[in-house]
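Please read the structure below before turning to the comments.
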Amino acid sequence: MKRRWLTATLLILILPGAYVPAAAMQTAKAVPAAVIPATAHPELPQGACDKTQDGFSAFLDAIVTDPALRAAYSAPQVAERDLRDPSKPVVRPSEPFRLTIIDNQWSYDEPGRDPGKLARVDLSFKLAGNQMRLGFVRAKFSPGDDLIKTYGPPEAYVFEHMNKCWRLVQHLR
(Lines of atoms letter the chains of each structure in order from A and count residues from 1; the text may use other names and numbers.)
(Lines give C-alpha, C1' and ligand atoms only; values in the text may rest on other atoms or scores of the structure.)
Protein backbone atom coordinates (compact mmCIF):
# COMPACT_ATOMS: atom_id res chain seq x y z
CA MET A 1 0.00 0.00 0.00
CA LYS A 2 2.84 2.39 0.83
CA ARG A 3 4.43 1.75 -2.54
CA ARG A 4 1.19 2.51 -4.40
CA TRP A 5 0.70 5.67 -2.33
CA LEU A 6 4.27 6.80 -2.99
CA THR A 7 3.92 6.16 -6.72
CA ALA A 8 0.65 8.09 -6.90
CA THR A 9 2.07 10.97 -4.90
CA LEU A 10 5.18 11.19 -7.06
CA LEU A 11 3.12 11.14 -10.23
CA ILE A 12 0.88 13.89 -8.93
CA LEU A 13 3.82 16.06 -7.89
CA ILE A 14 6.17 15.45 -10.79
CA LEU A 15 3.93 15.01 -13.80
CA PRO A 16 1.07 17.48 -13.86
CA GLY A 17 -1.58 16.23 -16.22
CA ALA A 18 -0.26 12.65 -16.04
CA TYR A 19 -2.73 9.79 -15.93
CA VAL A 20 -3.04 8.34 -12.45
CA PRO A 21 -5.15 5.21 -11.95
CA ALA A 22 -8.25 5.81 -9.87
CA ALA A 23 -7.20 3.16 -7.35
CA ALA A 24 -3.89 4.92 -6.79
CA MET A 25 -5.66 8.26 -6.33
CA GLN A 26 -8.01 6.76 -3.76
CA THR A 27 -5.07 5.28 -1.88
CA ALA A 28 -3.21 8.60 -1.97
CA LYS A 29 -6.27 10.41 -0.63
CA ALA A 30 -6.84 7.83 2.11
CA VAL A 31 -3.37 8.22 3.62
CA PRO A 32 -3.20 11.30 5.86
CA ALA A 33 -0.59 13.92 5.12
CA ALA A 34 2.37 14.29 7.43
CA VAL A 35 1.45 16.29 10.47
CA ILE A 36 3.80 19.10 11.44
CA PRO A 37 4.39 19.05 15.20
CA ALA A 38 2.94 22.00 17.10
CA THR A 39 6.45 22.95 18.20
CA ALA A 40 7.72 23.27 14.62
CA HIS A 41 7.89 26.83 13.34
CA PRO A 42 8.75 28.31 9.97
CA GLU A 43 12.44 29.10 9.70
CA LEU A 44 13.89 32.39 10.82
CA PRO A 45 17.14 33.92 9.57
CA GLN A 46 20.28 32.72 11.31
CA GLY A 47 20.80 34.51 14.63
CA ALA A 48 17.22 35.83 14.81
CA CYS A 49 16.56 33.93 18.04
CA ASP A 50 19.69 35.27 19.76
CA LYS A 51 18.94 37.15 22.97
CA THR A 52 20.73 40.27 21.74
CA GLN A 53 19.78 43.56 20.10
CA ASP A 54 21.08 42.28 16.74
CA GLY A 55 19.25 38.96 17.12
CA PHE A 56 16.02 40.74 17.98
CA SER A 57 16.42 43.11 15.01
CA ALA A 58 16.75 40.13 12.64
CA PHE A 59 13.74 38.49 14.31
CA LEU A 60 11.66 41.67 14.01
CA ASP A 61 12.53 42.17 10.33
CA ALA A 62 11.42 38.58 9.65
CA ILE A 63 8.08 38.65 11.49
CA VAL A 64 7.11 42.06 10.15
CA THR A 65 7.46 40.92 6.56
CA ASP A 66 5.99 37.42 6.96
CA PRO A 67 2.53 36.99 8.58
CA ALA A 68 3.07 33.21 8.91
CA LEU A 69 6.24 33.78 10.93
CA ARG A 70 4.47 36.41 13.02
CA ALA A 71 1.66 33.97 13.82
CA ALA A 72 4.11 31.17 14.62
CA TYR A 73 6.10 33.36 17.01
CA SER A 74 3.17 35.02 18.79
CA ALA A 75 1.35 33.85 21.89
CA PRO A 76 -2.02 32.24 21.11
CA GLN A 77 -3.64 35.31 22.70
CA VAL A 78 -1.48 38.45 22.79
CA ALA A 79 -2.33 40.21 26.06
CA GLU A 80 -3.70 43.74 25.80
CA ARG A 81 -2.26 45.85 28.62
CA ASP A 82 -1.93 49.44 29.76
CA LEU A 83 1.18 51.23 28.45
CA ARG A 84 1.74 53.16 31.70
CA ASP A 85 1.23 50.10 33.91
CA PRO A 86 1.81 46.84 31.98
CA SER A 87 0.78 44.80 35.02
CA LYS A 88 -2.81 46.00 34.43
CA PRO A 89 -4.74 44.02 31.81
CA VAL A 90 -7.24 46.10 29.87
CA VAL A 91 -10.40 45.02 28.14
CA ARG A 92 -10.35 46.10 24.53
CA PRO A 93 -10.50 44.34 21.20
CA SER A 94 -7.16 43.17 19.91
CA GLU A 95 -5.82 44.95 16.87
CA PRO A 96 -3.83 43.76 13.89
CA PHE A 97 -0.05 43.97 14.12
CA ARG A 98 0.72 47.64 13.52
CA LEU A 99 4.29 47.63 12.22
CA THR A 100 5.29 47.22 8.61
CA ILE A 101 8.19 48.17 6.37
CA ILE A 102 7.49 50.39 3.36
CA ASP A 103 10.44 51.41 1.16
CA ASN A 104 12.89 50.31 3.90
CA GLN A 105 11.18 52.57 6.44
CA TRP A 106 9.23 51.51 9.52
CA SER A 107 5.58 52.48 9.19
CA TYR A 108 2.34 52.28 11.18
CA ASP A 109 0.18 49.72 9.39
CA GLU A 110 -3.49 50.51 8.96
CA PRO A 111 -5.20 47.72 7.01
CA GLY A 112 -7.06 49.02 3.98
CA ARG A 113 -5.05 52.23 3.77
CA ASP A 114 -2.83 53.00 0.79
CA PRO A 115 0.72 51.91 1.78
CA GLY A 116 2.13 55.17 0.40
CA LYS A 117 0.05 57.13 2.91
CA LEU A 118 1.02 55.20 6.03
CA ALA A 119 2.68 57.22 8.80
CA ARG A 120 6.27 56.43 9.64
CA VAL A 121 7.16 55.43 13.19
CA ASP A 122 9.98 56.09 15.61
CA LEU A 123 11.09 52.86 17.30
CA SER A 124 12.71 52.31 20.69
CA PHE A 125 14.13 49.05 22.04
CA LYS A 126 14.54 48.11 25.70
CA LEU A 127 15.97 44.73 26.71
CA ALA A 128 15.27 43.79 30.34
CA GLY A 129 15.91 40.22 31.45
CA ASN A 130 14.01 37.87 29.14
CA GLN A 131 11.87 40.62 27.65
CA MET A 132 12.34 43.08 24.80
CA ARG A 133 10.01 46.05 24.78
CA LEU A 134 9.59 47.56 21.33
CA GLY A 135 8.11 51.04 21.67
CA PHE A 136 6.71 52.87 18.67
CA VAL A 137 4.96 56.13 17.96
CA ARG A 138 3.94 57.83 14.73
CA ALA A 139 6.53 60.36 13.63
CA LYS A 140 7.52 62.90 11.01
CA PHE A 141 11.05 62.77 9.62
CA SER A 142 13.09 65.22 7.55
CA PRO A 143 14.21 64.29 4.03
CA GLY A 144 17.57 63.47 5.64
CA ASP A 145 15.78 60.99 7.94
CA ASP A 146 16.12 63.10 11.10
CA LEU A 147 13.24 62.89 13.56
CA ILE A 148 11.20 66.12 13.47
CA LYS A 149 8.35 65.23 15.83
CA THR A 150 6.25 62.40 17.15
CA TYR A 151 2.47 62.47 17.34
CA GLY A 152 -0.41 60.29 18.43
CA PRO A 153 -0.48 57.87 21.32
CA PRO A 154 2.62 55.73 21.87
CA GLU A 155 2.31 51.95 21.80
CA ALA A 156 4.62 49.03 22.49
CA TYR A 157 4.95 45.32 21.86
CA VAL A 158 6.55 43.08 24.46
CA PHE A 159 8.45 40.03 23.27
CA GLU A 160 9.61 37.34 25.66
CA HIS A 161 12.63 35.13 25.05
CA MET A 162 11.35 31.60 25.74
CA ASN A 163 12.13 28.18 24.31
CA LYS A 164 15.30 29.65 22.78
CA CYS A 165 13.53 32.32 20.70
CA TRP A 166 11.47 35.50 20.86
CA ARG A 167 7.68 35.42 21.15
CA LEU A 168 5.19 38.30 20.97
CA VAL A 169 3.25 38.24 24.24
CA GLN A 170 1.81 41.72 24.90
CA HIS A 171 0.49 44.80 23.13
CA LEU A 172 0.65 47.94 25.27
CA ARG A 173 -1.49 50.99 24.54
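In mature numbering (1 follows the signal peptide of the UniProt record, and there is no 0), the protein residues as written are -22 to -1, 1 to 151.
Think of the CB as a built atom: it goes at the ideal place given N, C-alpha and C, for glycine as much as any other residue.
Between LEU146 and ALA134, the C-beta spacing is not below 8 Å.
Contact annotation: the stretch 113 to 133 does not touch the stretch 32 to 49, with fewer than three C-beta pairs closer than 8 Å.
Assignment of beta-bridge partners to SER102 by DSSP yields GLY113. The Cβ neighbour count for MET110, taken over all protein chains shown within 10 Å, is at least 16; the residue is labelled buried.
The stretch 127 to 141 and the stretch 96 to 116 touch, with no fewer than 3 CB-CB distances between them shorter than 8 Å.
Pairing ASP100 with PRO67, the inter-Cα distance amounts to about 25 Å.
GLY130 sits exposed, since fewer than 16 C-beta atoms from the chains shown fall within 10 Å of its C-beta. When the Cα atoms are used, VAL115 and GLN55 turn out to be separated by approximately 23 Å. The continuous beta strand (DSSP E) containing ARG145 extends over residues 143 to 150.
Rounded to the nearest angstrom, the gap between the Cα atoms of LYS104 and GLY90 is 31 Å. Residues VAL42 of the same chain have their beta carbon placed closer than 6 Å to that of LEU77, with the five preceding and five following residues left out of the count. Here PHE137 is bridged, per DSSP, to MET110 and LEU146. The three-state secondary structure of LYS29, taken from DSSP, is coil.
The three-state secondary structure of LYS95, taken from DSSP, is helix.
For the pair PRO20 and LEU47, the CB atoms are nearer than the 8 Å cut-off. A straight-line Cα-Cα distance of about 16 Å links GLN83 and LYS127.
DSSP places ARG48 in the uninterrupted alpha helix (DSSP H) bounded by 45 to 50. Closest in alpha carbon position to VAL69, among PHE75, LEU96, ASP32 and ALA57, is ALA57.
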